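Q: All the letters of the sequence shown, read from the start, carry residue numbers 1052 to 1127 under this note's numbering. We treat Cβ as the ideally placed atom computed from N, Cα and C, and that holds for glycine. Since the structure is predicted, the reported quantities are computational estimates derived from the model, not experimental observations.
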Amino acid sequence: MNDQIIQYLQSEKENIVQEWRELLKQQAKDRIVPVLSDQVFMSTSHEFIDLILSNYQNSGEKYAEKVERNAKTIST
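Right, dumping it as structure tokens:
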């Protein structure tokens, strides 16, 4: 299941960033949009999605490690 979510997020990354950008523009209006260039905004948005993916992947790996450790403890 985790792999499917990660694959989906990776394949839809551009769409997610575009939707995120539009939502922020609607919400932020005069506060953020004039200050940031489109390039900085897009770069930051991509980094944010990458951070989410990295965190999600690492948490899955940590969970798998905990399961393995517990399984070894139980079996010995």
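What three-state label does DSSP hand residue 1063 in the structure shown?
A: Residue 1063 falls in the coil class under three-state DSSP.
Q: What do you reckon, is the C-beta of residue 1055 under 7 Å from a heavy atom of the ligand NAD?
A: Within the structure as shown, the ligand NAD is missing, as the structure has no ligands at all.
Q: Please identify the residue among 1076, 1073, 1067 and 1056 whose C-alpha is closest to the C-alpha of residue 1098.
A: It is 1067 whose Cα lies nearest to the Cα of residue 1098.
Q: Determine the closest residue to residue 1071 out of 1095, 1058, 1056 and 1053, with distance taken between C-alpha atoms.
A: Cα-wise, what sits closest to residue 1071 is 1095.
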